[in-house]
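Take a look at the structure set out below.
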Amino acid sequence: MLKLEYARPTKLKIFACYMYEGMLLLAVLFVTSYAFDSLTQRTDTNKFYWVSEAILFLAIGLYFILSWNIKGQTLPMKTWNIGLKTFDSKKPSLGRMIIRYVTAWIIPLLGAFVVDQASKAIGWSSVTIFVFFTPFLNFVYSWFDPKGLFLQDRLSGTYLTLVK
Numbered sequence: 001m002l003k004l005e006y007a008r009p010t011k012l013k014i015f016a017c018y019m020y021e022g023m024l025l026l027a028v029l030f031v032t033s034y035a036f037d038s039l040t041q042r043t044d045t046n047k048f049y050w051v052s053e054a055i056l057f058l059a060i061g062l063y064f065i066l067s068w069n070i071k072g073q074t075l076p077m078k079t080w081n082i083g084l085k086t087f088d089s090k091k092p093s094l095g096r097m098i099i100r101y102v103t104a105w106i107i108p109l110l111g112a113f114v115v116d117q118a119s120k121a122i123g124w125s126s127v128t129i130f131v132f133f134t135p136f137l138n139f140v141y142s143w144f145d146p147k148g149l150f151l152q153d154r155l156s157g158t159y160l161t162l163v164k
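8 is the number that the UniProt record's numbering gives to position 8 of the sequence shown; each next residue is one higher, with no gaps.
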């Protein structure tokens with residue numbers, strides 16, 4: 001049976017951390033996009049579209065994995081006294097961090113697909129605005145998990161803990 005030894009952050013605290021992460025990620029995405037577009041002289045957004053998307057995915061991953069690897073937390077996690085540990089209360093390995101990052105995309109991407117299909121089905125392109133909320137769908141899994149873990153934590157063998 002999984003035993004989590006340390007105090008766990010509340011969902012509200014994690015939500016606040018998500019919001020702060022979102023603001024920082026906007027900066028990461030802006031700088032990365034600007035550099036990519038400047039280096040490729042891209043004026044048409046369809047040109048190099050998938051290359052651009054892959055680079056943005058890697059830039060976000062680099063931000064999270066470097067933060068978790070160096071300090072065990074991102075700046076928003078530090079602000080809200082949240083840390084990342086493995087189920088045996090150790091610092092996660094690089095492999096676990098990569099698994100956590102990649103699997104954190106599963107539910108939001110499924111949600112984005114549903115929003116896109118709903119938009120096409122009803123013919124209202126304005127419905128796609130709801131894609132903004134899909135990252136928060138990660139919370140839904142945690143409501144049903146016996147230990148309140150997020151899917152990415154369950155799959156990577158990690159959990160969020162309170163730190164001082």
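Ideal placement from N, C-alpha and C gives every residue a C-beta, glycine not left out.
Buried or exposed (CB count within 10 angstroms, at least 16 for buried), residue i
i	result
Thr161	buried
Leu94	exposed
Gln41	exposed
Pro135	buried
Ile14	buried
Ala104	buried
Gln152	buried
Leu39	exposed
Phe150	buried
Trp123	Inspection of the sequence shows that residue 123 is occupied by Gly rather than by Trp. Classification for Gly123: exposed.
residue 167	Nothing about residue 167 can be read from this structure; the chain reaches only from 1 to 164.
Backbone secondary structure at residue i - three-state DSSP
i	result
Leu149	coil
Lys13	helix
Thr128	helix
Lys120	helix
Lys164	coil
Lys71	helix
Gly22	helix
Thr43	coil
Phe48	coil
Pro135	helix
Trp105	coil
Ser33	helix
Ala54	helix
Ser142	helix
Ser38	helix
Arg100	helix
Ala7	coil
Whether residue i touches residue j by CB criterion (7 angstroms)
i	j	result
Lys91	Gly72	yes
Phe64	Tyr20	no
Thr32	Leu56	yes
Asn81	Val131	no
Asn138	Ile99	no
Thr128	Ser142	no
One or two residues paired with residue i in a DSSP bridge
i	result
Lys78	None; Lys78 has no bridge partner.
Thr84	Note on identity: in this sequence residue 84 is Leu, with Thr being the wrong assignment. Its beta-bridge partners are Leu160.
Residue-level contact to chain C via CB, residue i, 7 angstroms cutoff
i	result
Trp143	The structure shown contains no chain C; it is built from a single protein chain.
**OP:** Evaluate the contact criterion for the segment 74–82 versus the segment 18–36: three or more CB pairs, one atom per stretch, below 8 angstroms.
**Re:** yes
Original post:
Is the segment 26–36 close to the segment 53–68, with three or more CB pairs under 8 angstroms?
Top reply: yes
Subject >> Touching by the beta-carbon criterion (3+ pairs, under 8 angstroms), the segment 81–88 and the segment 145–158 >> reply: yes
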